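K.L.:
The structure under discussion is supplied below as structure tokens; questions concerning it will follow.
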Amino acid sequence: MHCEKPSCMAVCPTGATYKTADGVVLIDWDRCIGCKYCMIACPYGVRFYAEEKQKTQPDIREVFPDPTGEKVWSPPWRMPDHVQDNRIGVGIQPKNVVSKCTFCYHRISKAPAGTKDLDPSDPALREFTPACVATCAPGARHFGDLDDPTSEVRRLIAEKRGTRLLDHTGNRPRVYYLAGAQPAIPETRSVRRSRDGEA
Amino acid sequence: MAIALVSNGLLRRYLDIDRRPDALAIGMMLFGGIAAAIGLAWVFHDLWRFGHAAFNTSSDVAWGAPIAFYLFFLPSSSGPSIIASADSVFGVNVFHPIAKRCVFLAIVTLVSGFTILALEIGHPFRMLWALPFGLQWHSPMWWMGVFYSLDLLLLIVKFWRMHVADWHSRFMHLVSIASFVVCILAPGTLGLVFGMMAMRPAWYSPVMPMYFILSGFMSAMAFITFFTAFEPEASTPPALRHLHEVVLPRLFFLALLAVAGMRFGQILTTLWSNVEGMEANWHVLRSDAFRFELLFGLVLPIALLSTNALRRSALVRFAAASLAMAGIFLARLNLLIVGQVVPLFKGYWADYVDYWPSTTEWMLIPAGFGIFCFAYGAGHWLLRLGDDPGPEPAHEAARA
């Protein structure tokens with residue numbers, strides 16, 4: 000969620016999780032020891048450890064194993080190898096480290112300086128736009144500079160009731176949900192209690 | 000040849016290799032060696048074959064049973080350290096006959112805990128440089144690493160001075176005081192690792208460090224009682240017998256009462272809370288693991304140690320200690336589950352997370368406990384753990 004006050008960064012005992020000058024929270028895979036404390040501390044549960052039992056079979060990691068044995072797997076449709084950058088947690092995840100969304104830092108960090116909004120419909124900016132924004136068919140996702148009051152994302156947050164999830168935790172994520180006319184954002188986490196025989 | 004002679008001389012000087020091991024040493028080394036070999040072989044095989052996917056942990060339950068085993072061992076090292084420092088810190092020398100044994104017990108407990116941690120963590124060797132050079136002073140886990148490393152270092156120094164019969168020097172006195180301070184801070188920061196997690200309401204509590212210190216002391220009493228119950232009564236000096244039969248069981252009993260009181264308060268307050276995430280407490284309360292923790296880990300040991308007559312029986316002490324050790328392990332597992340059973344954020348449309356340790360995770364028990372028993376048995380044989388310094392010369396002079 001690339002929080003303003005990321006608790007994952009605060010608890011990291013090695014400094015593997017860090018925040019860039021432009022506010023993106025990243026993991027240095029070469030420093031991560033796989034203690035998973037950041038996964039415990041992230042209120043949004045958006046950090047992942049690949050070494051877990053697969054819920055579906057066949058295990059795709061065993062279908063495409065990494066010949067070097069260093070990475071979790073080696074999918075044939077992966078990005079070019081030269082893009083792999085462990086210092087910013089981009090590429091195929093190495094074994095025994097935690098991963099997270101990077102806002103496609105390898106793309107956004109190369110955008111022309113001073114770009115307010117990365118609009119994938121602009122051919123000049125598309126290659127610098129995060130992949131999830133570029134591939135979202137209905138154009139529901141937007142990416143821009145929150146610090147610039149004239150940016151499109153700032154206007155959307157103001158006009159479409161931009162909401163941050165679990166705001167009470169104080170993490171202040173930089174991902175906003177544009178509620179618009181919707182009555183609620185799913186920000187509570189009450190568990191269904193039927194299993195324990197409760198209402 | 001010369002090197003062999005020197006090492007042989009050094010060995011004989013510091014280790015009792017000529018002494019025949021007694022039944023306790025042989026039994027513990029044999030049991031520990033076999034258990035450790037089976038456990039480690041099993042875990043290493045599974046880690047080599049499946050990686051950490053051999054554990055049943057997931058992105059929802061990131062910390063599983065291996066962390067519970069590690070939480071079982073590490074805070075337990077504080078109790079023996081406190082007892083071994085009682086002389087320097089409080090001027091209480093009643094524990095002198097078991098002080099050296101306690102320091103060794105604390106060391107092997109820490110080593111067993113660290114071994115399990117190394118098998119659980121993704122990159123244990125990277126940790127050796129990334130942790131000290133990271134200097135992440137705002138992370139409770141970093142402080143935990145600092146204090147437990149210091150704890151181990153001070154315990155080794157302290158044991159070394161005891162082993163060369165330096166019990167009363169100023170240096171030893173300072174090491175004892177430092178060891179006492181660090182052995183309180185270490186489980187305290189371990190408690191903070193959980194207690195500071197505001198995003199996991201079932202853990203978030205300023206009382207958590209105190210709970211870890213107290214429950215660590217209680218489990219340490221269980222460890223000490225467990226091992227001293229094997230001491231043959233006939234050959235035990237009266238002062239040591241008094242310690243085994245009266246002082247230590249009473250301390251153990253009091254520690255059990257304190258932990259039970261704290262646990263009771265913890266449960267009551269959490270059940271009254273409407274904060275989302277706290278419903279996990281109800282989930283854990285309905286589990287068999289919690290029932291065992293409560294009945295067999297707290298109530299029964301308290302009942303067993305409730306009278307002087309019962310406390311004098313080695314069998315009763317042994318049973319109470321065994322139950323309390325099993326109970327505190329389940330308490331650690333319950334603590335881990337309660338904080339993670341409601342998935343973060345996804346709880347709204349998800350259900351409680353299913354988690355039960357895999358065979359690989361269970362095999363960490365024989366691995367860790369085997370290392371512990373083997374090391375303790377070897378120490379019992381070779382390191383004169385029963386050394387008693389006698390009264391401090393200065394005290395004797397003052398009396399004269």
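Chains A and B, in that order, are what the protein sequence lines are.
Numbering follows numbering that gives the first Met the number 0, with no gaps: position 141 of the first sequence is 140.
Numbering follows numbering that gives the first Met the number 0, with no gaps: position 228 of the second sequence is 227.
Ideal placement from N, C-alpha and C gives every residue a C-beta, glycine not left out.
Note that the coordinates shown come from a computational prediction; the quantities given were computed from them, not determined experimentally.
(1) Is there contact here, the stretch 35-43 of chain B with the stretch 297-315 of chain B, by at least three beta-carbon pairs under 8 Å?
(2) Apart from the five residues just before and just after Ala219 of chain B, which ones in its own chain have a Cβ nearer than 6 Å to its Cβ?
(3) Name the residues in the stretch 70-103 of chain A whose C-beta lies less than 9 Å from a C-beta of chain B; which are they?
(4) CA-CA distance, Met8 of chain A and Gly14 of chain A?
(5) Kindly indicate the opening and closing residues of the beta strand (DSSP E) around Leu343 of chain B.
(6) Which same chain residues, not among the five before or five after Gln135 of chain B, have their C-beta less than 7 Å away from its C-beta?
(7) Buried or exposed: Thr16 of chain A, going by 16 or more other Cβ atoms within 10 Å of its Cβ?
(8) Determine, for His137 of chain B, whether the minimum Cβ-Cβ distance to residues of chain A falls below 7 Å.
(9) Ends of the beta strand (DSSP E) at Val24 of chain A?
(10) What do you get for Ile223 of chain B, buried or exposed, if any count of 16 or more other CB atoms within 10 angstroms of its CB means buried?
(11) Note the first and the last residue of the continuous beta strand (DSSP E) segment covering Arg311 of chain B.
(12) For a cutoff of 7 Å on Cβ pairs, would you count Ala64 of chain B as touching chain A?
(13) Out of A:Ile59, A:Val45, A:Arg106 and A:Lys94, point me to the one whose CA is closest to Met78 of chain A's CA.
(14) What is the rounded straight-line gap between the Cα of Arg18 of chain B and the Cα of Ile87 of chain A?
(15) Going by beta carbon distance, what residues of the same chain come within less than 7 Å of Asp84 of chain A, once the five residues before and after it are set aside?
(16) Using a Cβ-Cβ cut-off of less than 9 Å, list which residues of the stretch 48-61 of chain B approach chain A; keep chain order.
(17) Does Phe142 of chain A come within less than 7 Å of chain B when only Cβ atoms are used?
(18) Would Ala71 of chain A and Gln92 of chain A be called neighbours here (beta carbons separated by less than 7 Å)?
(19) Just checking: is the beta-carbon of Leu116 of chain B within a distance shorter than 7 Å of some beta-carbon in chain A?
(20) How long is the line joining the alpha carbons of Ala52 of chain B and Pro236 of chain B, rounded to whole angstroms?
(21) Can you grab the Cα-Cα spacing for the pair Phe146 of chain B / Val181 of chain B, in whole Å?
(22) Spatial neighbours of Leu253 of chain B within its chain, please: C-beta separation below 6 Å, excluding the five flanking residues on both sides.
(23) Name the DSSP bridge partner or partners of Val89 of chain A?
(24) With 7 Å as the threshold, decide whether the Cβ of Gly260 of chain B is near any Cβ in chain A.
(25) For Met126 of chain B, decide whether its Cβ has a neighbour in chain A, counting only Cβ atoms nearer than 7 Å.
(26) Would you tell me roughly how many angstroms separate the C-alpha atoms of Leu104 of chain B and Ala221 of chain B, rounded to the nearest one?
(27) Taking its Cβ as the centre, do 16 or more other Cβ atoms sit within 10 Å of Cys135 of chain A, making it buried, or is it exposed?
(28) Run through the stretch 138-167 of chain B for me and flag every whole alpha helix (DSSP H) of 4 or more residues, listed as ranges in chain order.
(29) Is the CB-CB distance between Leu25 of chain A and Thr114 of chain A below 7 Å?
(30) Could you give the DSSP three-state label for Leu250 of chain B: helix, strand or coil?
(31) Could you tell me whether any non-hydrogen atom of the ligand ATP is closer than 6 Å to the CB of Pro356 of chain B?
(32) Which residues of chain C have a Cβ atom closer than 7 Å to the Cβ of Ala197 of chain B, listed in chain order?
(33) So for Ser272 of chain B, helix, strand or coil by DSSP?
(34) Measuring only between beta-carbons, confirm whether Phe63 of chain A sits less than 7 Å from chain B.
(35) If you run the structure through DSSP and keep just helix, strand and coil, what is Asp387 of chain B?
(36) Would you report the Cα separation of Tyr347 of chain B and Val341 of chain B, rounded to the nearest angstrom?
P.N.:
From the atom records:
(1) no
(2) Only Ser75, Gly78 and Pro79 meet the Cβ criterion.
(3) Val71, Lys94, Asn95, Val96 and Val97
(4) 7 Å
(5) Here Leu343 of chain B belongs to no beta strand (DSSP E), and DSSP marks it neither H nor E.
(6) For Gln135 of chain B, where only same-chain residues beyond five positions count, the Cβ hits under 7 Å are Trp141.
(7) buried
(8) Chain A, which has a Cβ nearer than 7 Å to the Cβ of His137 of chain B, makes this yes.
(9) Val24 to Ile26
(10) buried
(11) No beta strand (DSSP E) contains Arg311 of chain B, which is instead part of the alpha helix (DSSP H) from Asn307 to Arg311.
(12) no
(13) In terms of Cα proximity to Met78 of chain A, the closest of A:Ile59, A:Val45, A:Arg106 and A:Lys94 is A:Arg106.
(14) 58 Å
(15) Gly90 and His105
(16) Of all residues in the stretch 48-61 of chain B, only Phe49, Gly50, His51, Ala52, Ala53, Phe54, Asn55, Thr56, Ser57, Ser58, Asp59 and Ala61 come within less than 9 Å of chain A when Cβ atoms are compared, listed by chain position.
(17) no
(18) In the sequence as presented, Ala is not what sits at residue 71 of chain A; that position holds Val. Going by C-beta atoms, Val71 of chain A is nearer than 7 Å to Gln92 of chain A.
(19) For Leu116 of chain B, the answer is no, since every Cβ of chain A falls outside 7 Å of its Cβ.
(20) 52 Å
(21) The alpha-carbon atoms of Phe146 of chain B and Val181 of chain B are separated by roughly 6 Å.
(22) A distance below 6 Å between beta-carbons, with the five flanking residues on each side excluded, links Leu253 of chain B to no residue of its chain.
(23) A:Asp84
(24) no
(25) yes
(26) Going by the C-alpha atoms only, they are around 12 Å apart.
(27) exposed
(28) 139-162
(29) no
(30) helix
(31) In the structure on display, the ligand ATP does not appear, and there are no ligands present to speak of.
(32) No chain C appears in this structure, whose protein chains are A and B.
(33) coil
(34) no
(35) coil
(36) Note that Tyr347 of chain B scores 45 on pLDDT, short of 50, meaning its location in the model is unreliable and no value can be drawn from it.
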